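Working notes for the structure below.
Number of protein chains: 2
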Amino acid sequence: MKQITIKHIAAELNLSVSTVSRALTDYPNLSQATKDLVKSKAKELGYRPNIIARSLKCSTSDQIGIIVPEIRHIFFAGAIHGIEEVAYKKGFTTIIAQSNEEVEREEINLNSMYLHRVSGIIASISQTSTSSEHFKKLIDRGVNIVFFDRDFEDLNVPKVKIDDFAAAYKMTKFMLSRGFKKVIHFGGHLHLSICRLRRNGYEQAMTEAGLEKEILAYESGMLESDGYLLAERMIKDGIKEGAVLAVNDPVAVGALRRFKEFNIDIPGKVGVAGFSNNPITEMITPRLTTIEQPFLEMGRTAAELLIEIIKDPSKKENPKTVILDTKMIIRDTV
Amino acid sequence: MKQITIKHIAAELNLSVSTVSRALTDYPNLSQATKDLVKSKAKELGYRPNIIARSLKCSTSDQIGIIVPEIRHIFFAGAIHGIEEVAYKKGFTTIIAQSNEEVEREEINLNSMYLHRVSGIIASISQTSTSSEHFKKLIDRGVNIVFFDRDFEDLNVPKVKIDDFAAAYKMTKFMLSRGFKKVIHFGGHLHLSICRLRRNGYEQAMTEAGLEKEILAYESGMLESDGYLLAERMIKDGIKEGAVLAVNDPVAVGALRRFKEFNIDIPGKVGVAGFSNNPITEMITPRLTTIEQPFLEMGRTAAELLIEIIKDPSKKENPKTVILDTKMIIRDTV
DNA sequence: TTTTATTTTTCAATCGTTTGCATATGAAAC
DNA sequence: GTTTCATATGCAAACGATTGAAAAATAAAA
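As they're listed, the protein sequences go chains A and B. All the letters of the first sequence, read from the start, carry residue numbers 0 to 333 under numbering that gives the first Met the number 0. All the letters of the second sequence, read from the start, carry residue numbers 0 to 333 under numbering that gives the first Met the number 0.
Next comes the structure, spelled out in structure tokens:
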């Protein structure tokens with residue numbers, strides 16, 4: 000119940016608390032003898048530093064906060080894995096929170112982490128975060144923030160991204176090369192930069208193929224149910240052939256499900272491609288063609304960027320943006 | 000950068016810090032007038048209480064810690080959802096950590112949360128946690144802990160579980176009633192109580208059916224790859240017919256994949272059933288028969304139990320164990 | 001032996017709250 | 001005009017660490 004404090008050690012050893020504190024943190028001007036003495040006594044008593052007290056004094060901690068839309072998506076879960084890997088290695092612990100795609104929850108988590116004086120926050124913003132105000136406020140207060148994947152373009156902080164434009168562009172071109180007369184885009188909300196970029200990539204590829212009049216991009220959510228509904232809408236809109244480029248795998252999977260229910264020949268009449276290479280894409284029939292996002296690597300890089308600015312805040316002046324490579328995974332739906 | 004503290008408010012209002020503190024926390028013996036005055040000034044200055052300082056003084060916080068083996072499993076992600084739902088409603092924030100099925104990581108997270116003075120911890124233990132020592136130590140120090148699903152049987156704290164025995168028993172019986180001559184169990188490590196109970200349920204059903212000599216239970220991990228390998232082993236062991244009761248969905252999915260590769264007729268020759276009703280079970284072909292675990296409800300209940308003992312620690316004397324119902328989801332693999 | 005330099009240790013303030021106890025204020029009771 | 005009793009506010013000590021500056025102890029130089 001009661002904690003062993005620095006005071007207890009000091010009392011037992013007839014030393015002052017400051018000496019004990021300095022001994023434990025390997026302060027230079029202390030005899031090795033006392034250091035050893037203090038340390039062994041600390042071990043003997045089972046002393047654990049009170050990091051709350053330390054945080055109060057130093058107004059920082061060894062915690063890194065992670066905020067993602069939904070932890071159950073393999074993309075985020077994987078990125079978290081990557082973050083934890085390097086964070087733990089460098090002596091940080093992590094705490095995770097999810098926004099559930101709600102900006103209100105995002106703000107609560109953000110503030111809670113700030114108040115708990117995390118030494119930095121790695122975030123991927125929610126679908127409903129249209130304004131960057133809540134992040135901006137913290138950045139102005141000096142909080143270290145790094146974005147991965149979903150970011151605010153107007154915030155000048157370190158970021159880890161993929162080349163969304165290029166990936167969508169390449170996949171669109173590839174689909175056309177497979178003989179599809181046109182590509183339809185099942186996109187996400189355009190205030191998310193990744194969605195906007197993917198759409199731009201799609202449009203560029205269509206334009207270059209002389210298909211600007213065929214450009215058709217729906218704007219919707221990023222859930223499986225959204226894909227399901229969009230597929231329905233597409234059929235209702237009278238489109239019976241073409242390839243669908245979905246903004247992510249869940250949307251692609253949902254669309255695929257609806258197309259299958261309609262008994263549409265895939266990839267004969269309609270093609271589908273997703274984004275992320277979710278493990279599920281390989282387990283369903285037909286196996287989904289998709290774009291591999293290096294989530295582990297993204298997480299690792301984000302953590303490295305964050306720790307970099309934690310260790311040397313001056314690096315915040317010129318924040319890096321790291322763009323990682325994607326890979327097309329061609330399976331059975333295109 | 001610099002925080003507005005209670006002192007600033009006090010200075011502006013010519014009041015003492017204690018009065019301000021009491022005004023903000025609605026202390027009884029204070030005139031409503033000063034309370035209002037203080038509160039409006041606090042709002043005006045944008046005051047945010049420093050919860051680190053508060054934690055230090057009160058040696059507790061409004062944070063609930065959650066530790067699970069892997070957040071990417073829908074079962075845990077769903078339970079976390081449930082926990083967050085009630086936690087937020089009651090004014091707590093949550094922090095999540097994953098053990099990655101490693102007891103070392105579990106211990107690190109546990110200690111980190113303790114040191115950060117969370118007001119309680121909800122946990123589901125890792126596969127490799129054979130001893131409950133690390134939890135026991137914290138419980139002895141008065142930390143509030145609640146387990147859900149995977150627990151230590153020797154720890155007398157509140158728990159939320161399903162009736163693993165009954166669920167396995169029922170499913171085994173059901174499989175036999177479908178005409179399978181025997182059921183083989185793909186089980187998890189027996190030091191996990193859930194695995195042991197599921198196995199016991201299986202054995203009981205087999206015994207009651209007069210099949211004790213046919214009891215065959217493999218003991219393995221709980222991943223898809225484990226299921227894949229076990230299926231291979233089963234075939235190699237010369238078993239060509241029977242129903243497989245897997246300890247969870249990933250194992251069932253892995254087994255199914257291997258059986259399909261062997262071109263085994265499912266459910267003609269071999270049946271398969273999982274545990275959890277992971278969404279993927281419905282997306283694969285053939286759709287997997289499984290047992291639905293009410294993860295959301297488990298999370299909610301766990302949070303309620305925890306908050307109960309946080310609010311009234313005397314309730315820890317007689318910790319509740321809540322057993323929730325499961326449901327068989329019959330699909331195409333049995 | 002005294003002075004100076006150097007190493008080692010201690011003092012005391014600080015971080016931002018909370019809270020037991022003391023005090024001030026004002027009204028009611030005598 | 002005291003005494004009494006609420007009611008309202010302030011003082012000051014915690015909580016457990018860190019840290020600049022001062023003091024003490026020791027060693028080296030004069």
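Even for Gly, the Cβ is constructed at its ideal location relative to N, Cα and C. Nothing here was measured: the structure is a model prediction, and the numbers come from that model.
- For the segment 90-123 of chain B, the set of positions with a beta-carbon nearer than 9 Å to some beta-carbon of chain A reads Thr92, Thr93, Ile94, Ile95, Ala96, Gln97, Asn99, Arg104, Ile107, Asn108, Asn110, Ser111, Met112, Tyr113, Leu114, His115 and Arg116 in chain order.
- Judged by their CB atoms, Ile79(A) and Gly119(A) are not nearer to each other than the 8 Å cut-off.
- Between the alpha carbons of Leu55(B) and Ser54(A) lies a gap of roughly 9 Å.
- Scanning its chain for C-beta atoms nearer than 7 Å, with the 5 sequence neighbours on each side dropped, one finds around Leu191(B) the residues Gln126 and Arg149, in chain order.
- If you compare the alpha carbons of Lys89(A), Arg330(A) and Tyr217(A) with that of Ile238(A), the shortest gap goes to Tyr217(A).
- Between Pro293(B) and Leu323(B), the C-beta spacing is below 8 Å.
- Non-local beta-carbon contacts of Val102(A) in its own chain, meaning distances under 7 Å to residues more than five positions away in sequence, involve Ser125, Thr127 and Ser128 in chain order.
- Counting other Cβ atoms within 10 Å of its Cβ, Tyr201(A) reaches 16 or more and is therefore classed as buried.
- When secondary structure is reduced to three states using DSSP, Lys268(A) falls in the coil class, being assigned neither helix nor strand.
- The C-alpha of Lys34(B) lies about 28 Å from the C-alpha of Ile309(B).
- Residue environment: Cys57(B) is assigned as exposed (fewer than 16 neighbouring CB atoms within 10 Å of its CB, all protein chains considered).
- DSSP places Ser123(B) in the coil class of the three-state scheme, outside both helix and strand.
- Bridge pairing for Thr288(A): Ala272(A) [DSSP].
- Residues of the segment 68-79 of chain B with a Cβ closer than 9 Å to any Cβ of chain A, in chain order: Glu69, Ile70, Arg71, His72, Ile73, Phe75, Ala76, Gly77 and Ile79.
- Across the set Ser123(A), Pro278(A), His115(A) and Thr320(A), the C-alpha of Ser123(A) shows the shortest separation from the C-alpha of Glu100(A).
- Among the residues of chain A, those whose CB is under 7 Å from the CB of Thr284(B) are Thr284, following chain order.
- For Met282(A), the enclosing alpha helix (DSSP H) starts and ends at Ile279 to Met282.
- In terms of Cα proximity to Met297(A), the closest of His133(A), Ile283(A) and Gly81(A) is Gly81(A).
- Taking C-alpha positions only, Tyr168(B) is separated from Ile279(B) by approximately 24 Å.
- Cβ neighbours of Ile329(B) within its own chain (closer than 6 Å, five residues either side excluded): Thr288.
- Listed along chain A are Leu55, each with a C-beta nearer than 8 Å to that of Ala52(B).
- Taking the C-beta atoms as reference points, Leu229(A) is found nearer than 8 Å to Phe185(A).
- The way I'd put it, the segment 45-54 of chain B doesn't touch the segment 264-275 of chain B; fewer than three beta-carbon pairs between them come closer than 8 Å.
- Against chain A, a Cβ distance below 8 Å from Ile279(B) picks out Ile279 and Met282.
- Rounded to the nearest angstrom, the gap between the Cα atoms of Ser15(A) and Asp153(A) is 51 Å.
- Within the model, the alpha-carbon separation for Leu109(B) versus Arg140(B) is close to 13 Å.
- Put simply, the CB of Arg330(A) is far from chain B, with every gap to its CB atoms at 8 Å or more.
- Among the CB atoms of chain B, none fall inside 8 Å of the CB of Arg299(A).
- Within chain A, no residue has its CB atom less than 9 Å from the CB of Arg232(B), the nearest being about 22 Å off.
- Secondary structure of Ala216(B) (DSSP, three-state): strand.
- In the DSSP annotation of this structure, Thr93(B) is not part of any alpha helix (DSSP H); the continuous beta strand (DSSP E) holding it starts and ends at Thr92 to Gln97.
- Identification of chain B residues near Arg47(A) by a Cβ-Cβ cut-off of 7 Å yields Leu114, ordered along the chain.
- Taking Gly45(B) as reference, the option from Ala22(B), Met282(B), Tyr26(B) and Ile8(B) with the minimal CA-CA separation is Ile8(B).
- Runs of the beta strand (DSSP E) lying entirely within the segment 212-257 of chain B and spanning at least 3 residues, in chain order: 215-218 and 241-245.
- For Arg257(A), same chain residues with a beta-carbon under 6 Å away, outside a window of 5 residues either side, are Tyr227, Ala230 and Glu231 in chain order.
- Judged by DSSP secondary structure, Gly77(B) falls within the alpha helix (DSSP H) whose first and last residues are Ile73 to Lys88.
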